[in-house]
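Those letters in the sequence shown? Residues 1 to 159, per the UniProt record's numbering, in order.
Built from N, CA and C at the ideal position, the CB exists for glycine as well.
Predicted model only: the values in this text are computed from it and were never measured.
I have placed the structure first, in the form of structure tokens, so that the comments after it can refer back to it.
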Amino acid sequence: MSKIAPSQTLTLRAARINDLDDLLQIESESFSTESYPLTSRRQFRYLLTKAKNVELFVACLDKNVVGYGLLFFRKNSFWGRLYSISVRPEYQGGAVGKQLFERAEQRIRKRKQKGMLLEIRADNQKHLKRYLGLGYQLIDTIPDYYPDGSAALKLRKEL
Numbered sequence: 001m002s003k004i005a006p007s008q009t010l011t012l013r014a015a016r017i018n019d020l021d022d023l024l025q026i027e028s029e030s031f032s033t034e035s036y037p038l039t040s041r042r043q044f045r046y047l048l049t050k051a052k053n054v055e056l057f058v059a060c061l062d063k064n065v066v067g068y069g070l071l072f073f074r075k076n077s078f079w080g081r082l083y084s085i086s087v088r089p090e091y092q093g094g095a096v097g098k099q100l101f102e103r104a105e106q107r108i109r110k111r112k113q114k115g116m117l118l119e120i121r122a123d124n125q126k127h128l129k130r131y132l133g134l135g136y137q138l139i140d141t142i143p144d145y146y147p148d149g150s151a152a153l154k155l156r157k158e159l
């Protein structure tokens, strides 16, 4: 894990089309295709240029994209869904992911949603403990959710 140097500035902003290569690289570095369905170039391009009811934002250290967050909003739902947070491996476990997560909750509040939904792998006890500690509640288990057949735990928190 790389720490953020005092001389570096971490900023968050809306993702842009010229972030596409960084988004793909972060996705491939952070997730294995055996365990997670990866977002393709085509899907990211659609999210950046045409998708409605989504927010895709990036974390930048100085001018380098080091992570992203992706939120979905359904037309007839009062809940925002955190689809993904991904951080370059050398910055995982620190301020980047935390700030992306906080931004996701802020965006849910700003849109006046009831709260946030998210899914994690059932075998990811580290994140389960973290989310429960943040006030999220386990509301469902979805069998055979991930490419390797693992179940997902669905969590939510009213904001």
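Residues that residue i bridges to, as DSSP identifies them
i: residue 65; result: 60
i: residue 142; result: 152
i: residue 120; result: 153
i: residue 31; result: Residue 31 pairs with nothing; no bridge assigned.
i: residue 84; result: 70
i: residue 161; result: The requested residue 161 does not occur in the structure, where the chain is confined to residues 1 to 159.
i: residue 115; result: 79, 158
From the options, residue whose alpha carbon lies closest to that of residue i
i: residue 143; options: 119, 133, 132, 159; result: 119
i: residue 151; options: 159, 117, 124; result: 124
i: residue 25; options: 3, 66, 34; result: 66
i: residue 76; options: 103, 113, 84; result: 113
i: residue 21; options: 10, 48, 93, 141; result: 48
i: residue 29; options: 105, 96, 90; result: 90
i: residue 87; options: 64, 109, 17; result: 64
i: residue 41; options: 121, 127, 23, 81; result: 23
i: residue 72; options: 94, 93, 59, 108; result: 108
i: residue 68; options: 52, 102, 78; result: 102
i: residue 12; options: 44, 99, 94; result: 99
i: residue 111; options: 74, 139, 34, 96; result: 74
i: residue 19; options: 133, 59, 79, 34; result: 59
i: residue 148; options: 15, 6, 36; result: 36
i: residue 57; options: 43, 104, 79, 34; result: 104
Where residue i sits in the DSSP three-state scheme
i: residue 125; result: helix
i: residue 44; result: helix
i: residue 131; result: helix
i: residue 101; result: helix
i: residue 109; result: helix
i: residue 39; result: coil
i: residue 25; result: helix
i: residue 159; result: coil
i: residue 9; result: coil
i: residue 175; result: This structure cannot settle anything about residue 175, because the visible part of the chain is limited to 1 through 159.
8 Å Cβ shell around residue i - same chain, five flanking residues per side excluded
i: residue 8; result: 61, 62
i: residue 141; result: 122, 151, 152, 153, 154
Residues of its chain near residue i, where Cβ-Cβ distance is below 6 Å and the 5 sequence neighbours each way are ignored
i: residue 135; result: 157
i: residue 127; result: 120
i: residue 54; result: 47, 72
i: residue 39; result: 27
Residue i beta carbon near the ligand HEM (any heavy atom closer than 7 Å)
i: residue 21; result: The ligand HEM is not part of the structure shown, which contains no ligands of any sort.
Close-in-space but distant-in-sequence residues of the same chain around residue i (CB under 7 Å, 5 per side omitted)
i: residue 139; result: 154, 155, 156
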